[in-house]
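Undergrad: Under my numbering, read the sequence shown as residues 827 to 1258, first letter to last. Glycine is no exception: its CB is placed at the ideal position from the N, C-alpha and C atoms.
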Amino acid sequence: MTRQLHLLVLGNPRFGSSWRYPGVVNGPAAVLESLVETARTAERGTFDAIFFADTLNYGPEAAWAHKATEDFEPFTTTAALSRETERLGLVVTGSATFQAPYHLARQLISLDHLSGGRAGWNVVTSFAEAAAANFGEGGVVAHDERYRIAGETLEVVRKLWDSWGPDTVVEDRTAGVYNDRKAIRVPEHKGEFFSVRGPLGAAPSRQGHPVIFQAGSSTAGRAFAARHAEVVFTGQSDVDRGRAFVERIHQEATAYGRPAPPLVTPSLGFIVGSTEDEAKALERTVFEHFIPEYQIGWLQEVDIDLTGADLDGPVPLSAFAASTETHRTALDGYRALATQGNPTVREFLFRTVTAFGARVAGSPEQVADEIERWFTGRAADGFILNPSGLPGQLDVFVDHVVPILRRRGLFRHEYEGETLREHLGVGSAPRS
Ligand SMILES: Cc1cc2nc3c(=O)[nH]c(=O)nc-3n(C[C@H](O)[C@H](O)[C@H](O)COP(=O)(O)O)c2cc1C
């Protein structure tokens, strides 16, 4: 079969300053309505999945005055959306730093069952100080140790998922026996960080287990992704960097003896208009409404301090820490952005609205061209799309960009499978 593109959409409804864009209605009820609309639109566009990011904190204090409050928790949000959709994959973020493996295993397999085999888990290692402060006195866990904890978390979660095999449930009503006791595998896990007996009383889902997503780009992060991830998220600013990243992940996955490399889906922020001019006008609207102070607040999280900087002056590189224990790739990515094309502080901050990944603003053909360029250039197997937050942008993408991608033979016309594994073509779930 010819290689096919994979499309996911970022579901978090009120990212950044989008709560103040024209036409946006705020409040829990309106946000729920827009979430359902986004999920249904993505499904109409035969997207692989909707994805919910999560950082277990409300962000740095400098951003509190400017941040909306309807960023609902991913597991409950996707449980609600599972009832509103039939095929769309539902990918949640779960922290392998602060969420216990037993809880993660149970919540994820429940979501997988409730959605008919459509769940995915974005395994993150929480880097934010504000997140660490919500989980005791220990402070931020050191970068590479976070990945060791994550490795053991995944191991425990998989063992718990494997407590029940496909034939463990026998449901013998006459004998009053629901499970073949001998077939229950008790993990009895005792490791460096966790002691978990188990079992987890849940049968495998329609797709076996949730699909594993991961987004590490540092050396330790890439090693984790290359070894364990079935899909890798990343932020890469251009095709060349994207291709180099894909090549590296492929090499590392091969070195771990994996038969097939993981899919790589970089983030892509898009603004699409009926013409290039209209797209640029929409981009100006977004620029006029973004809140520089909000972005300054968030950048503090990765040790970039632009507090008090002249918004219309050049970016002072002294604001960037030499290294960080938080999000190394972000610090490097933002430093690169600050030096490309001599932006003012305001322009640089605007660029960080969609983090340090790729962006495109243009007509449907231009957006499709950009996607095709990355895909055929082996810089991406697909994208995690980040709509600008302007109402209707995902609809325009689905109604005008998706048909072009389909005509070019790059993207499915309809769903061929039912589970997220089938959409992604990542094969059956690995056993522990
Ligand atoms: C598309 C994408 C989505 C991400 N989503 C989250 C998230 O929801 N929560 C989180 O804590 N980190 C998230 N991250 C950050 C990564 O999980 C990871 O912490 C980051 O890449 C730093 O790891 P590194 O130091 O190994 O590069 C995301 C990264 C990317 C590129």
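#1: With a threshold of 7 Å between beta carbons, is Pro1140 in contact with chain C?
#2: Is Thr1155 buried or exposed, if buried means 16 or more other CB atoms sit within 10 Å of its CB?
#3: Rounded to the nearest angstrom, what separates Ile1010 and Asp993 at their Cα positions?
#4: According to DSSP, is Glu1114 helix, strand or coil?
#5: Regarding Phe1209 and ligand 1, is the C-beta to nearest heavy atom distance less than 6 Å?
#6: For Lys778 and Arg1007, what's the separation of their Cα atoms in angstroms?
#7: Consider the C-beta atom of His1054 and the heavy atoms of ligand 1; say whether any pair is separated by less than 6 Å.
#8: Tell me, please, whether the segment 1214-1227 touches the segment 1016-1028 by the rule of three or more beta-carbon pairs shorter than 8 Å.
#9: Taking 6 Å as the line, does the beta carbon of Phe1237 fall inside it for any heavy atom of ligand 2?
#10: Starting from the N-terminal side, write out each stretch of the alpha helix (DSSP H) that is 4 residues or longer and does not extend beyond the segment 1115-1189.
#11: Do Gly946 and Arg917 come within 7 Å of each other at the CB atom, strictly closer than that value?
#12: Going by the beta-carbon positions, is the gap between Gln1040 and Ala1052 smaller than 7 Å?
#13: Should Asn1168 be labelled buried (16 or more other beta-carbon atoms within 10 Å of its own) or exposed?
#14: Taking the C-alpha atoms as reference points, what is the distance between Asn1005 and Val996?
#15: Do the segment 831-848 and the segment 888-906 meet, that is, are 3 or more Cβ pairs less than 8 Å apart?
#16: Determine which residues share a DSSP beta bridge with Gly853 and list them.
#17: Going by the C-beta, is Thr1060 closer than 6 Å to any heavy atom of ligand 1?
#18: What residue range is occupied by the uninterrupted beta strand (DSSP E) comprising Gly920?
#19: May I have a chain-ordered list of the alpha helix (DSSP H) segments no shorter than 4 residues that lie completely inside the segment 996-1033?
#20: Is it right to say His832 is buried, meaning 16 or more other beta carbons lie within 10 angstroms of its own, or is it exposed?
#21: Verify the contact flag: Ser1044, CB atom, against every heavy atom of ligand 1, threshold strictly below 6 Å.
#22: Return the CA-CA distance between Thr902 and Thr864, expressed in angstroms with no decimal places.
#23: Going by beta carbon distance, what residues of the same chain come within less than 8 Å of Leu1163, once the five residues before and after it are set aside?
#24: Who are the near neighbours of Arg1313 in its chain, counting only those whose CB is closer than 7 Å to its CB and skipping five residues on each side?
#25: Taking 6 Å as the line, does the beta carbon of Arg1154 fall inside it for any heavy atom of ligand 1?
#26: Excluding the 5 residues preceding and the 5 following Val983 in the sequence, name in chain order all residues of the same chain whose CB lies nearer than 6 Å to its CB.
#27: Rounded to whole angstroms, what's the CA-CA distance from Thr1165 to Pro1140? Just pull it up for me.
#28: Confirm the yes/no value for this check: CB of Val950, any heavy atom of ligand 1, distance under 6 Å.
#29: Mark Asp1138 as exposed unless 16 or more other C-beta atoms lie within 10 angstroms of its C-beta, in which case mark it buried.
#30: Would you mind sorting Trp890 into buried or exposed? The rule is 16 or more other CB atoms within 10 Å of its CB.
#31: In terms of residue numbering, what span does the alpha helix (DSSP H) encompassing Thr1080 cover?
#32: Out of curiosity, what's the CA-to-CA distance linking Val857 and Val851?
#33: How long is the line joining the alpha carbons of Glu1240 and Pro1256, rounded to whole angstroms?
#34: Can you tell me the Cα-Cα spacing of Arg1172 and Thr979, whole angstroms?
#35: Hey, is Asp1225 close to ligand 1, as in C-beta under 6 Å from one of its heavy atoms?
#36: For a minimum of 4 consecutive residues, which ranges assigned as the alpha helix (DSSP H) are wholly contained in the segment 869-938?
TA: In short:
#1: Absent from the structure: chain C. Only one protein chain is present.
#2: Its Cβ being crowded by 16 or more others within 10 Å, Thr1155 is buried.
#3: 10 Å
#4: helix
#5: no
#6: The structure shown does not extend to residue 778, since the chain is modelled only from 827 to 1258, so the question has no answer here.
#7: If you check the C-beta of His1054 against ligand 1, you find no heavy atom less than 6 Å away.
#8: no
#9: Within the structure as shown, ligand 2 is missing, the only ligands being ligand 1.
#10: 1118-1126, 1154-1165, 1171-1177
#11: In the sequence on display, residue 917 carries Val and not Arg. Yes, they are a contact pair.
#12: no
#13: exposed
#14: Roughly 5 Å between the two C-alpha positions.
#15: yes
#16: In the DSSP output, where bridge partners are listed per residue, Gly853 has none listed.
#17: yes
#18: Unbroken beta strand (DSSP E) run through Gly920: 915-921.
#19: none
#20: buried
#21: Yes - ligand 1 has a heavy atom lying nearer than 6 Å to the Cβ of Ser1044.
#22: 16 Å
#23: Within the same chain, and ignoring the five residues on either side of Leu1163 in sequence, the residues whose Cβ sits closer than 8 Å to its Cβ are Ser1063, Pro1169, Phe1174, Arg1177, Thr1178, Phe1182.
#24: Beyond the ends of the chain as shown, which are 827 and 1258, falls residue 1313; an answer cannot be given.
#25: yes
#26: The residues are Pro927, Leu930, Ala931.
#27: Taking the straight line from one Cα to the other gives about 10 Å.
#28: yes
#29: exposed
#30: Per the 10 Å Cβ criterion, exposed.
#31: 1065-1081
#32: 8 Å
#33: 27 Å
#34: Our two residues, Arg1172 and Thr979, have alpha carbons roughly 40 Å apart in a direct line.
#35: no
#36: 900-908
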